[in-house]
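Trainee: Each residue of the sequence shown is one higher than the one before, starting from 5 at the first, in the numbering used here.
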Amino acid sequence: MKVGIPKEIAPNETRVAVIPNMISAITNLKHEVIVEKNAGMASGFSDEAYVKSGAKIVDSAKELYAEADIVLKVQSPMDHAGLGKHESEALKDGSFLISFLSPTTNKDGVKKLTKGKVTAFDMGFVPRITRAQSMDALSSMATVAGYKAVVMGADYLGKMFPLMMTAAGTITPSHVLILGAGVAGLQAIATAKRLGAKVEAFDPRLAVKEQIESLGAKFVEMEMPEDAETEGGYAKEMSAEFLKKEQEAIAKHLAKVDLVVTTAQVFGKAAPILITEEMIKMMHPGSVIIDLAAEQGGNTELTKPGIVEKHGVKIVGAVNLPATIPVHASQMYSKNITNLFQLIFKSEAIDWEDEITKGACVVRDGQIVNKLVADIVG
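Quick look at the structure:
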């Protein structure tokens, strides 16, 4: 089959689905790879590099979608000016798509996939099991986002992070609070510690306390429920009563904090509000909040995509941070997607009983087969 890698068209998207040195992972299975012209340029990969790796360059998205039997993307399909139609509608009948489909923010794009006999796999629905770790793009991108959130916070904060003994006196270390100790949160903790900050972290799952402390951060204590995590390894949506307790525990630490990085998200739901406007008023002028849950509504009452300054605090609604580090983000995503590709298309007949293949499939032959996605898109 022909495997197509188009140029991403989402605003400010710089990643590419497959980098040149991963092309052989596809061609070794006897598939042909076609790449849209300049698809990798924004992430530092030239057309010449793709050709040397065994791919063929096509001049336009129209040509690519007309030829491709399988399309590998990063972002969910959207309206494409060059195609004159939605990318979902450009897919050939009987073709396959692997990408982030983002059903919560792109319902229309998923619905359009049902108009043809297309089969689509969502990188965000790869099961969180040991065998699928090498395909877990959510964790890969969360790693990048957690790192960049702290670097961005250091840039916006009017202070240096580490303790310094200077001729002009002692500079005390910046105080950083990380909310949520998933993959992004743990990477944020590690990055802040490497930069020399004093770090505290909060998470409603008691199981992550040891991980937080192993990175050198202090764990913020509160009464913990036993079921704060789903079987799939995601944080659960908690009750209003418990959310209030979380806010109270967090509020006790805000007056002394310079930077807060919030990472709390509930799969398929709006992000929980961990910091109210009243809590933001407790923070000292010049402090910064980097909210990684901005695309799901945000973890603060004031979060919007972009920057909001209120009560002397800068609240940054960070959107698509992996695209700001495209070289390594593309490298990681490319490994994840090609590993999934190799599993699904290792033979002519797809094994629909495989737990990973079945779990990642959202649309099969034009029918939505994932119940959560069906409920989201209505």
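Glycine is no exception: its CB is placed at the ideal position from the N, C-alpha and C atoms.
Please classify alanine 353 as buried or exposed, where buried requires at least 16 neighbouring CB atoms within 10 angstroms.
Mentor: Here residue 353 is taken as the residue at index 349 of the sequence shown, counted from 1. So alanine 353 ends up on the exposed side.
Trainee: Once DSSP output is grouped into helix, strand and coil, what is the label at serine 80?
Mentor: Translated into positions along the sequence shown, residue 80 becomes position 76. Coil, per DSSP.
Trainee: Which residue spans inside the region 75 to 130 form an unbroken beta strand (DSSP E) run of at least 3?
Mentor: 100 to 103 and 123 to 126
Trainee: Got a sec? Which residues, its chain only, sit under 6 Å from glycine 290 by beta carbon, not counting five neighbours each side?
Mentor: Here residue 290 is taken as the residue at index 286 of the sequence shown, counted from 1. Hits under 6 Å: Gly162.
Trainee: Looking only at its chain, what residues have a beta carbon closer than 8 Å to the beta carbon of serine 47, apart from the 5 residues adjacent to it on each side?
Mentor: As a first step, residue 47 must be located in the sequence shown, where it is residue number 43. Taken in chain order, the residues that qualify are Thr18, Arg19, Val20, Ile23, Pro330, Val331, Ala333 and Ser334.
Trainee: Just the Cα atoms here: how many angstroms apart are valine 180 and isoleucine 311?
Mentor: Looking up residue 180 in the sequence shown gives position 176. Looking up residue 311 in the sequence shown gives position 307. Valine 180 and isoleucine 311: Cα-Cα distance of roughly 19 Å.
Trainee: For the alpha helix (DSSP H) containing phenylalanine 345, list its first residue and its last residue.
Mentor: By one-based count along the sequence shown, residue 345 stands at place 341. Note, phenylalanine 345: alpha helix (DSSP H), 330 to 348.
Trainee: By Cβ distance below 8 Å, which residues in the same chain neighbour alanine 378 in space, the five residues on each side in sequence not counted?
Mentor: Within the sequence shown, the letter at position 374 stands for residue 378. Taking alanine 378 as the centre and dropping the five residues before and after it, the same chain places the C-beta of Ile372 closer than 8 Å to its C-beta, in chain order.
Trainee: For histidine 257 versus glutamate 217, is the C-beta distance shorter than 8 Å?
Mentor: Locating residue 257 in the sequence shown gives position 253, counting from the first residue. Locating residue 217 in the sequence shown gives position 213, counting from the first residue. Cβ atoms of histidine 257 and glutamate 217: not closer than 8 Å.
Trainee: Between which two residues does the alpha helix (DSSP H) harbouring glutamate 250 extend?
Mentor: The residue given as residue 250 occupies position 246 in the sequence shown. Glutamate 250 -> alpha helix (DSSP H) spans 244 to 258.
Trainee: Take threonine 361 and list the residues in its own chain whose beta-carbon comes closer than 7 Å to its own, dropping the five residues that flank it on each side.
Mentor: As a working mapping, residue 361 is identified with position 357 in the sequence shown. Leu347, Ile348, Ile354 and Asp355.
Trainee: Taking the C-alpha atoms as reference points, what is the distance between glycine 363 and valine 381?
Mentor: Counting from one through the sequence shown, the residue named residue 363 turns up at place 359. Counting from one through the sequence shown, the residue named residue 381 turns up at place 377. C-alpha separation (whole angstroms): 18 Å.
Trainee: Inspect the beta-carbon positions of methionine 26 and lysine 350 and report whether they are closer than 8 Å.
Mentor: Counted from its first residue, the sequence shown places residue 26 at position 22. Counted from its first residue, the sequence shown places residue 350 at position 346. For the pair methionine 26 and lysine 350, the CB atoms are not nearer than the 8 Å cut-off.
Trainee: Check the C-beta distance from glutamate 40 over to valine 62 and give it rounded, since I have them as a contact under 8 Å.
Mentor: Taking the sequence shown and counting its residues from 1, one reaches residue 40 at position 36. Taking the sequence shown and counting its residues from 1, one reaches residue 62 at position 58. Contact holds; Cβ gap of about 6 Å.
Trainee: With a 10 Å radius around its C-beta and 16 neighbouring C-beta atoms as the bar for buried, classify glutamate 91 as buried or exposed.
Mentor: In the sequence shown, the residue the question calls residue 91 occupies position 87. So glutamate 91 ends up on the buried side.
Trainee: Use the C-beta contact count for lysine 285: other C-beta atoms within 10 angstroms, 16 or more gives buried, fewer gives exposed.
Mentor: Reading the sequence shown from its first residue, position 281 is the one you call residue 285. Its Cβ having fewer than 16 others within 10 Å, lysine 285 is exposed.
Trainee: Just grab the DSSP bridge partners of phenylalanine 223 for me.
Mentor: Numbered from its first residue, the sequence shown carries residue 223 at position 219. DSSP lists Ala205 as partners of phenylalanine 223.
Trainee: According to DSSP, is glutamate 230 helix, strand or coil?
Mentor: Counting from one through the sequence shown, the residue named residue 230 turns up at place 226. With a pLDDT of 48 at glutamate 230, under the threshold of 50, the modelled position of that residue is not reliable, and the figure given next carries that caveat. The answer is coil: DSSP assigns glutamate 230 none of H, G, I, E or B.
Trainee: Quick one: complete alpha helix (DSSP H) runs, 4+ long, within the region 141 to 178?
Mentor: 141 to 160
Trainee: Classify lysine 220 as buried or exposed, calling it buried when 16 or more other Cβ atoms lie within 10 Å of its own Cβ.
Mentor: As a first step, residue 220 must be located in the sequence shown, where it is residue number 216. In the sequence as displayed, the identity of residue 220 is glycine instead of lysine. Counting other Cβ atoms within 10 Å of its Cβ, glycine 220 stays below 16 and is therefore classed as exposed.
Trainee: Roughly how many angstroms separate the alpha carbons of lysine 116 and alanine 211, rounded to a whole number?
Mentor: Here residue 116 is taken as the residue at index 112 of the sequence shown, counted from 1. Here residue 211 is taken as the residue at index 207 of the sequence shown, counted from 1. Spanning the two alpha carbons is a distance of roughly 41 Å.
Trainee: Who does lysine 314 pair with in a DSSP beta bridge?
Mentor: Locating residue 314 in the sequence shown gives position 310, counting from the first residue. Answer by DSSP bridge pairing, in chain order: Val317.
Trainee: Should glutamine 137 go down as buried or exposed, given a rule of 16 or more other Cβ atoms within 10 Å for buried?
Mentor: Position 133 of the sequence shown holds residue 137. Glutamine 137 comes out exposed.
Trainee: Count the other C-beta atoms from every protein chain shown that fall within 10 angstroms of the C-beta of lysine 34, then say buried if there are 16 or more, exposed otherwise.
Mentor: By 1-based counting over the sequence shown, the position of residue 34 is 30. Per the 10 Å Cβ criterion, exposed.
Trainee: With 16 other CB atoms within 10 Å as the buried threshold, where does leucine 167 fall?
Mentor: Counting from one through the sequence shown, the residue named residue 167 turns up at place 163. Leucine 167 comes out exposed.
Trainee: Along the chain, where does the beta strand (DSSP E) containing valine 37 start, and where does it finish?
Mentor: In the sequence shown, counting from the first residue as 1, residue 37 sits at position 33. Element bounds for valine 37: 36 to 40.
Trainee: Since I believe threonine 266 is in contact with isoleucine 293 (beta carbons under 8 Å), could you give me their beta-carbon distance rounded to a whole number of angstroms?
Mentor: Counted from its first residue, the sequence shown places residue 293 at position 289. Counted from its first residue, the sequence shown places residue 266 at position 262. Rounded to the nearest angstrom, the Cβ distance from isoleucine 293 to threonine 266 is 7 Å, consistent with a contact under 8 Å.
Trainee: Give me, in chain order, the residues of the same chain whose beta-carbon lies closer than 6 Å to that of isoleucine 9; leave out the 5 immediate sequence neighbours on both sides.
Mentor: Here residue 9 corresponds to residue number 5 of the sequence shown, with the count starting at 1. Only Ala21, Val22, Val39, Ala43 and Leu76 meet the Cβ criterion.
Trainee: Buried or exposed: glutamate 250, going by 16 or more other Cβ atoms within 10 Å of its Cβ?
Mentor: Walking along the sequence shown from the start, residue 250 turns up at place 246. So glutamate 250 counts as buried.
Trainee: Using the C-alpha atoms, what's the distance from methionine 156 back to valine 320?
Mentor: Looking up residue 320 in the sequence shown gives position 316. Looking up residue 156 in the sequence shown gives position 152. So the alpha carbons of these two residues sit roughly 9 Å apart.
Trainee: In the DSSP assignment, find the alpha helix (DSSP H) that holds lysine 308 and state where it starts and stops.
Mentor: Your numbering for residue 308 matches position 304 in the sequence shown. Segment: none, lysine 308 is in no alpha helix (DSSP H) and carries neither H nor E.
Trainee: At what residues does the alpha helix (DSSP H) containing leucine 263 begin and finish?
Mentor: Here residue 263 refers to the residue found at position 259 when the sequence shown is read from its first residue. Counting along the chain, leucine 263 falls outside any alpha helix (DSSP H), though it belongs to the beta strand (DSSP E) covering 263 to 266.
Trainee: Am I right that glycine 86 and alanine 65 are in contact with their C-beta atoms under 8 Å? What's the rounded C-beta distance?
Mentor: As a position in the sequence shown, residue 86 is number 82, starting the count at 1. As a position in the sequence shown, residue 65 is number 61, starting the count at 1. Their Cβ separation, rounded to whole angstroms, is 5 Å, which keeps glycine 86 and alanine 65 in contact under 8 Å.
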